[in-house]
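Residue numbers (the working numbering), protein chains in the order written: chain A, 1 to 339; chain B, 1 to 339. Glycine is no exception: its CB is placed at the ideal position from the N, C-alpha and C atoms. Just so you know, these numbers come straight off a predicted model, no measurement behind them.
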């Protein structure tokens, strides 16, 4: 951090710079055991209740994009962070930072979308806050949602992947890269008509299906900023296992692949807002896959790789033509303000 | 709301416009019983635990001011929202929105202050999020803190003031207006050397002293945005009681009064960040006052008014020269971005 004197866009990428900022600044000063786990949610023990607690701020640009807006994104993002921690999402807060001059019409549309998305996910927005800053001091609207969920039984260790073993399978619930490319295509300076629609969705009902398999689901994370590649690179970093990823099994839509090629992006690192990566016991992988495929948000689920003994700490992408390359955390920022 | 087509600074004032925005938009769409109570925290019932949950975004300008910075403000604001709801603050989240180009030196100073303030209050920051937006798309740094606390016994009804009775006394723990005027004096365009220091502080330990009196503390709220006047106007609105406020008993420092006169502000509506307004049973008012005065943050506590039968729904300020005026919620915004 000493080499950089100021905050760069890359510090918000979810990749290496974000990772280092969290370790060298936030974890250093706020130090406590709960924060150090660095899961998608903090796990809190009360007298009789085990709860998950998470927070996320949303600064997506533009605020409306194909498949959603900053409102349903803010609900889905936090619901999913709770769900992948093995919790049933229950209560959300909503903190708005509004730019003076924002139209009520936009704000009402966003709030309505939030209400609908919360309804679908079965969560309640129970507390909120509104701040307004002068014109030019924020970009239309930023939303923070924090959330509380009650942990399902048999989910201990899922946040950290404590029970991962060699041979475990890696599952994703569908096509990657849709959200990132949908937002990109909606940006004013890019006049691309791609027909790509964001995958933004609350995954808690889908995830509940997998959690019926109890301890055989060993790890889950939603592949948002930084994409699938970052989730896996982070998962095996400093671990005694490696990951082999089978390129041909990773679902990527043709139009997403095309737009990525055009713009020089790698779909592996493009943000999703409705994709969960799971590590599951080998013996139950097919059963969990079938179960996921019965849900609309899991119908394109696929087993995309496995936990291996070789190359510990590293994720390898095995390409369809027999090559291999290392999947590392991206150093900088390829797509700012995607969520 | 139909008459205004866009968001105004006043919608963030904590006064009438904020109030209407919450009612006509957020409560309308997010409708649920918990949100409708509109307390400083939502009260959540889990299987065996009663928790308070709250959120606040901080956009103060400038980010450093006499007596603190946006970091301790963000901790104190949320700790106090939990404490005035009758809860012991336990866990906080921290969501950062950073402007590209923010210096690490500033960020580290802010994070360090947050850690120190959290320590003092006995709370842990257990989860977080960092977003970075392009230069010019936010103002240096915005921080959201959400918080969870465990409710103390005998605090039911305190959020809404359900048990308030005619004759109850109103207490404030010290001087009003310090925070607002300290922030104002730090603004670049005002070269005022006022020696005013923000009262920004975590009040949870002070409030615990009062809560030993159980049901005799009937209502608490921290007088932040909108100040003491707004808290009281809001408290008695649509109620069957009124409030008489004794001007001469309200502690205002000479330099704060002077600066308010100079700038045309009313100290009653100026933000505080370390002041709690309490409604307490008449019979215990003196005992509670003495107890508060034993704590450094309560040494200037004062009984400033009472709940009356006359003028229901209205707060009257009885001036030292025998006059009276109605204390209403401010319509617009007198001090934007004070917290």
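Legend entry - Contact list for the segment 138-170 of chain A against chain B, Cβ threshold 8 Å: 138, 139, 142, 144, 146, 148, 150
Inset, instruction - Please say whether residue 278/B and residue 201/B have beta carbons closer to each other than 8 Å? - result: For residue 201/B and residue 278/B, no; Cβs fall outside 8 Å.
Inset, instruction - May I have the straight-line CA-CA distance separating residue 113/B from residue 313/A, to the nearest angstrom? - result: For residue 113/B and residue 313/A, the gap between their C-alpha atoms comes out near 35 Å.
Inset, instruction - Between the Cα of residue 270/B and those of 246/B, 324/B, 332/B, spot the shortest distance and give me the residue it belongs to. - result: 332/B
Inset, instruction - Please go through the same chain and pick out, in chain order, the residues whose beta-carbon is closer than 6 Å to the beta-carbon of residue 324/B, but skip the five residues on each side of it. - result: 316, 318
Inset, instruction - Could you check how far apart the C-beta atoms of residue 218/A and residue 308/A are, in whole angstroms? I think they sit under 8 Å. - result: Residue 218/A to residue 308/A, Cβ: 15 Å. No contact.
Inset, instruction - Under 6 Å Cβ to Cβ from residue 336/B, same chain only, skipping five residues before and after it: list those, please. - result: Excluding positions up to five away in sequence, the list reads 9.
Legend entry - Every unbroken beta strand (DSSP E) inside the segment 110-182 of chain B [3 residues or more]: 124-133, 141-151, 169-172, all fully within the segment 110-182 of chain B.
Legend entry - Beta carbon of residue 82/A nearer than 8 Å to that of residue 147/A: At a Cβ-Cβ threshold of 8 Å, residue 82/A and residue 147/A count as neighbours.
Inset, instruction - Report yes or no: is there a C-beta of chain A within less than 8 Å of the C-beta of residue 26/B? - result: yes
Legend entry - Three CB pairs or more closer than 8 Å across the segment 247-254 of chain B and the segment 168-183 of chain B: yes
Inset, instruction - For residue 186/B, name the three-state secondary structure that DSSP assigns. - result: Residue 186/B: helix per DSSP, three-state reduction.
Legend entry - beta strand (DSSP E) segment containing residue 207/B, residue limits: Element bounds for residue 207/B: not the beta strand (DSSP E) but the alpha helix (DSSP H), 204-211.
Legend entry - residue 42/B versus residue 130/B: straight-line alpha-carbon distance, rounded: Roughly 25 Å between the two C-alpha positions.
Legend entry - Backbone secondary structure at residue 62/B - three-state DSSP: Residue 62/B falls in the coil class under three-state DSSP.
Inset, instruction - Could you name each continuous alpha helix (DSSP H) segment of 4 residues or more that falls completely within the segment 231-276 of chain A, going from the start of the chain to the end? - result: 254-263
Legend entry - Stretch pair the segment 7-21 of chain A + the segment 122-140 of chain B: three plus CB contacts closer than 8 Å: yes
Legend entry - Candidates 103/A, 176/A, 260/A, 28/A, of which the one nearest residue 300/A by Cα: Checked all of 103/A, 176/A, 260/A, 28/A; the closest Cα to residue 300/A is 176/A.
Legend entry - Cutoff 8 Å: residue 34/B Cβ touching any chain A Cβ: Closer than 8 Å to some Cβ of chain A, the Cβ of residue 34/B qualifies, so yes.
Legend entry - Beta-carbon proximity check, residue 52/A vs residue 94/A, cutoff 8 Å: no
Inset, instruction - Please compile the residues from chain B whose C-beta is within a distance smaller than 8 Å of the C-beta of residue 73/A. - result: In chain order: nothing, as chain B lies at least about 12 Å away.
Inset, instruction - Spell out a yes or no on whether the segment 159-166 of chain B and the segment 59-75 of chain B are touching, meaning 3 or more CB-CB pairs, one atom from each, closer than 8 Å. - result: no
Inset, instruction - Could you tell me the boundaries of the beta strand (DSSP E) in which residue 327/B lies? - result: If you look at residue 327/B, you'll find it in the beta strand (DSSP E) that goes 324-327.
Inset, instruction - Pull up the DSSP beta-bridge partners for residue 14/A, would you. - result: Bridge partners of residue 14/A: none, in fact.
Inset, instruction - Would you kindly report the start and end of the unbroken alpha helix (DSSP H) that includes residue 99/A? - result: Unbroken run through residue 99/A is the beta strand (DSSP E), 87-99; no alpha helix (DSSP H).
Inset, instruction - Could you tell me whether any Cβ in chain B is nearer than 8 Å to the Cβ of residue 49/A? - result: yes
Inset, instruction - Grab the span of the alpha helix (DSSP H) containing residue 292/B for me, first residue to last. - result: 285-293
Legend entry - Cβ-Cβ separation, residue 186/A to residue 62/A (assumed contact under 8 Å), whole Å: 5 Å
Inset, instruction - Could you check what DSSP says for residue 27/A in three-state terms: helix, strand or coil? - result: helix
Inset, instruction - Counting only the same chain and skipping the five closest in sequence on each side, list residues whose C-beta sits under 7 Å from that of residue 18/B. - result: 11, 12
Legend entry - Contacts of residue 87/A in chain B (Cβ-Cβ under 9 Å): Within 9 Å Cβ-Cβ: nothing; residue 87/A doesn't reach chain B, min ~12 Å.
Inset, instruction - Taking only the alpha-carbon atoms, compute the straight-line gap between residue 152/B and residue 229/A and give it to the nearest angstrom. - result: 45 Å
Legend entry - Sub-8 Å separation of residue 110/A and residue 59/B beta-carbons: no
Legend entry - Closest by C-alpha distance to residue 143/B, when choosing among 56/A, 268/A, 197/A: 56/A
Legend entry - Min CB distance residue 3/B to chain A below 8 Å: With a pLDDT of only 49 at residue 3/B, under the threshold of 50, the placement of this residue in the model should not be trusted; the figure read from the coordinates follows. Taking Cβ atoms only, chain A never reaches closer than 8 Å to residue 3/B, which makes this a no.
Inset, instruction - Take residue 121/B and list the residues in its own chain whose beta-carbon comes closer than 7 Å to its own, dropping the five residues that flank it on each side. - result: 75, 79, 89, 202, 204
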